[in-house]
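Residue numbers 0 to 293, in numbering that gives the first Met the number 0, belong to the letters of the sequence shown in order.
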Amino acid sequence: MLGITLFTLAACGGGDDIVIERNTQNTSSNSPNANRNLIGPLEAQTRYEFPKLQGGNSEAIVHSTVTYGMNYALEWDHQKRATRWVCWRMDATNRQERYSRPAEDPWAYDPLVPENEQQATYNELSKSYYPETNSYYQKGHICASQDRIYDKEANYQTFYMTNIMPQVGNFNEKIWLELEKKVRTWGKTCDTLYICKGGTIDRADYIINYTIGNHIVPKYFFVALLRKSFNDINAIAFWMPHLDEDHSRDPLSGYAIKVDRLEELTGIDFFCNLPDDTESKVESSLTLSSWNLK
Numbered sequence: 000m001l002g003i004t005l006f007t008l009a010a011c012g013g014g015d016d017i018v019i020e021r022n023t024q025n026t027s028s029n030s031p032n033a034n035r036n037l038i039g040p041l042e043a044q045t046r047y048e049f050p051k052l053q054g055g056n057s058e059a060i061v062h063s064t065v066t067y068g069m070n071y072a073l074e075w076d077h078q079k080r081a082t083r084w085v086c087w088r089m090d091a092t093n094r095q096e097r098y099s100r101p102a103e104d105p106w107a108y109d110p111l112v113p114e115n116e117q118q119a120t121y122n123e124l125s126k127s128y129y130p131e132t133n134s135y136y137q138k139g140h141i142c143a144s145q146d147r148i149y150d151k152e153a154n155y156q157t158f159y160m161t162n163i164m165p166q167v168g169n170f171n172e173k174i175w176l177e178l179e180k181k182v183r184t185w186g187k188t189c190d191t192l193y194i195c196k197g198g199t200i201d202r203a204d205y206i207i208n209y210t211i212g213n214h215i216v217p218k219y220f221f222v223a224l225l226r227k228s229f230n231d232i233n234a235i236a237f238w239m240p241h242l243d244e245d246h247s248r249d250p251l252s253g254y255a256i257k258v259d260r261l262e263e264l265t266g267i268d269f270f271c272n273l274p275d276d277t278e279s280k281v282e283s284s285l286t287l288s289s290w291n292l293k
């Protein structure tokens, strides 16, 4: 049986200590956890970056590398032919910059998902257009390529089409890019950063339109973060409208919300594998200053 290492952190704002498992193998906590994942791969049932799996037509897909293990994971909805979210973590083992993004992006179909369910690697998004402005869509990474440059194989996997969502350039190259940079900064300055990102695919009023291949274009994109750093643990979420407008100069604090609120908006239960008391504390509070946001 694999052992685990436990460490204790003080809950945000004081109160009782909380226990977080450092090892991500099949472990359990003494704290109750009524909503943890009981289905899906082992990683989905034990790692903190995973939301609650929807089940049914949806499947958790885990991408791993030989040298590291899990690189990132996603929930693929076979009926909607879309990714609901992508999750991964940044820590001392995977935030090193050992590899550079290739000069020519190696777009590829995800080998773990039927190819006929995925967006075409070329031409589909560049021939699909944002309403009214008629700007074409770009391939928007969910797990950013730059977040996975510790290993060539890990970086290559970020170019799978299941990790790509249609994003108009004024969003993808502007405010989304600014948020990606900020997330990377946080990931390099803490013990561990658990990340879950995605676009809205489950409500008709949260969908802009569809590509020429009949793939969903989300109306909103979101990020949920859980950060462990020394004796502190906290969370933050972001909710961004997918607009064909340059909002790169907007303060990110204007998009920041509590994780609880993001759960209400998306219907996704984030960080469900945390002990219930820990999850409740971190998801219901938000202190912008602790994230250096104003």
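Even glycine gets a Cβ: it sits at the ideal position worked out from N, Cα and C.
Start and end of the alpha helix (DSSP H) containing residue i?
i	result
residue 275	275–282
residue 43	41–45
residue 100	Per DSSP, residue 100 belongs to no alpha helix (DSSP H) and is neither H nor E.
residue 153	151–156
residue 185	175–187
residue 263	258–265
If I'm right that residue i touches residue j with Cβ under 8 Å, what's the distance once you round it to whole angstroms?
i	j	result
residue 141	residue 164	6 Å
residue 59	residue 43	5 Å
residue 285	residue 257	5 Å
residue 262	residue 269	6 Å
residue 136	residue 117	Not confirmed; about 15 Å, so no contact.
residue 216	residue 161	Actually they are not in contact, since the Cβ atoms of residue 216 and residue 161 sit about 16 Å apart, beyond 8 Å.
When burial is assigned at 16 or more other CB atoms within 10 Å of the CB, is residue i buried or exposed?
i	result
residue 222	buried
residue 83	buried
residue 227	buried
residue 143	buried
residue 309	In the structure as shown, the chain begins at 0 and stops at 293. Residue 309 is therefore absent and cannot be evaluated.
residue 229	exposed
residue 127	buried
residue 81	buried
residue 22	A caution first: residue 22 carries a pLDDT of 35, below 50, which makes its placement in the model unreliable, though a value can still be read off. Under this definition residue 22 is an exposed residue.
residue 206	buried
residue 114	exposed
residue 96	exposed
residue 266	exposed
residue 104	exposed
residue 46	buried
residue 173	buried
residue 293	exposed
Rounded to whole angstroms, what's the CA-CA distance from residue i to residue j? Just pull it up for me.
i	j	result
residue 35	residue 218	29 Å
residue 233	residue 180	19 Å
residue 289	residue 154	30 Å
residue 102	residue 148	14 Å
residue 244	residue 122	23 Å
residue 71	residue 211	28 Å
residue 86	residue 131	32 Å
residue 250	residue 186	19 Å
residue 208	residue 252	28 Å
residue 188	residue 120	35 Å
residue 184	residue 197	19 Å
residue 66	residue 151	10 Å
residue 38	residue 57	11 Å
residue 282	residue 235	8 Å
residue 278	residue 90	20 Å
residue 74	residue 199	13 Å
residue 106	residue 100	12 Å
residue 134	residue 178	22 Å
residue 68	residue 202	34 Å
residue 124	residue 220	17 Å
residue 247	residue 175	8 Å
residue 138	residue 51	26 Å
residue 190	residue 182	14 Å
residue 273	residue 76	24 Å
Residue i bridges to which residues according to DSSP?
i	result
residue 302	Absent from the structure is residue 302, since the part of the chain shown begins at 0 and ends at 293.
residue 195	86 and 223
residue 206	217
residue 164	139
residue 159	107
residue 128	135
Residue range of the beta strand (DSSP E) that residue i falls in?
i	result
residue 58	57–64
residue 74	68–76
residue 231	231–240
Compare the C-beta of residue i against all C-beta atoms of chain C and say whether one is closer than 9 Å.
i	result
residue 171	Chain labels in this structure do not include chain C; a single protein chain is all it has.
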